[in-house]
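Working notes, structure below.
Residue numbers (the working numbering): -2 to 153.
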């Protein structure tokens, strides 16, 4: 009887520790680009910017990683080595000052590859509508074979 009770107690302890470990791991995991840029497929990104006063980026993705911009002009550019829906990302741009409201993800893949991936993930996505409400996907003019996926509410 003691042996059965001991085994039952051990099983409960193992289960409890397993659950605690999973909770701890998920609590420590960083915000992904997909989570931070949720809504980009419809240009519905809010409150992600580099504050011109504090020089700190809003958004958990940036604060958790303590990211600093690699370049700042009208927008703040962050050099990263990450993925967005499985596509390699090397840079992100967020608004900084002035009337600029661009949120951009610089991808290493071609526009055709990026478009296929985005359309598989977001079946109703409308790209390049020039209406300020739809995201834009272009070839990166500074890096042949790569792409820029962005939203800019003032761009038409």
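A virtual CB, placed ideally from N, CA and C, is assigned to each residue, including glycine.
{"Check": "Beta-carbon contacts of residue 79 that lie in its chain and below 7 Å, excluding the five residues immediately before and after", "Outcome": "30, 86"}
{"Check": "Contact check, residue 84 vs residue 114, beta carbons under 8 Å", "Outcome": "yes"}
{"Check": "Cβ-based burial, residue 50 [other Cβ within 10 Å; buried from 16]", "Outcome": "exposed"}
{"Check": "Residue range of the alpha helix (DSSP H) that includes residue 92", "Outcome": "Segment 84 to 92 is the beta strand (DSSP E) holding residue 92; no alpha helix (DSSP H) there."}
{"Check": "Local conformation of residue 62 per DSSP, three classes", "Outcome": "helix"}
{"Check": "First through last residue of the beta strand (DSSP E) which encompasses residue 47", "Outcome": "Taken as a continuous stretch (DSSP letters only), residue 47 belongs to no beta strand (DSSP E), as it is neither H nor E."}
{"Check": "Cβ-based neighbour list, residue 125, same chain, cut-off 6 Å, excluding 5 preceding and 5 following", "Outcome": "133"}
{"Check": "Residue span of the beta strand (DSSP E) that contains residue 80, given as start and end", "Outcome": "72 to 81"}
{"Check": "For residue 135: DSSP bridge partner residues", "Outcome": "145"}
{"Check": "Per-residue burial, residue 19 [other beta carbons within 10 Å of its own, 16 or more giving buried]", "Outcome": "Reliability fails at residue 19, whose pLDDT of 44 lies under 50, so the model's placement of it is uncertain and the value that follows must be treated cautiously. Answer is exposed; the Cβ neighbour count stays below 16."}
{"Check": "Cβ shell of residue 40 (< 7 Å), same chain only, five flanking positions each side left out", "Outcome": "130, 131, 132, 148, 150"}
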